[in-house]
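Below you'll find the structure, written out as structure tokens, and then a few comments.
In this note's numbering, the protein residues as written are 440 to 623.
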């Protein structure tokens, strides 16, 4: 049985060798051109595959994840730290309008962090709905702080107390720490 298989293999190899020699004799002068052309066609189709994968968003989610991981970098930490110091300075003035602005800015930073972290939605409320206490331990306090911010923005006659402001700012501070953006 093995002898038959070896004989068949030898015959096949001899035919393949003869076929290869035949094609080299026929297309010998054009072989470099055919090779270059084949490489170019292969690269074109590879490019089309990549293009279609991007258009169909096959790899888009992975790219977004990688960009998001890179985005929450030391540059963002520095920016958040700088903004946080400005918020603390506004609170220290004891001026009600500065405190109101500080709370609105803290809420805005929180929303940017949620976007960069991959939470989707048209509004901050939609993004907050996706967060569980396992992801952010003080999510309920963040919700209350965000609702306070909304009252400040939408109800012009609303007067925020100093303790409400302090509680809201503390909630944002703790969240920023949990996201690893503040080390205080």
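No residue lacks a Cβ here, since even glycine has one placed at the ideal position from N, Cα and C.
Check                                                                                                                : Outcome
Other residues of its chain near residue 585: CB distance less than 8 Å, five sequence neighbours each side excluded : 546, 549, 563, 564, 567
Counted within 10 angstroms of its Cβ, other Cβ atoms place residue 597 as buried (16 or more) or exposed            : exposed
Rounded C-alpha distance that separates residue 446 from residue 454                                                 : 12 Å
Anticipated Cβ contact below 8 Å, residue 552 with residue 483, distance rounded                                     : Contact doesn't hold; Cβ gap of about 42 Å is too wide.
Same chain only: Cβ atoms within 8 Å of residue 514, ignoring 5 sequence neighbours per side                         : Unreliable positioning characterises residue 514 in this predicted model, as indicated by a pLDDT of 47, which lies under 50. The coordinate reading is nonetheless provided below. Here the set comprises nothing.
Beta-carbon proximity of residue 524 to residue 537, cut-off 7 Å                                                     : no
Option in 578, 595, 519 with minimal Cα separation from residue 620                                                  : 519
Range of the contiguous alpha helix (DSSP H) that encloses residue 570                                               : Segment: none, residue 570 is in no alpha helix (DSSP H) and carries neither H nor E.
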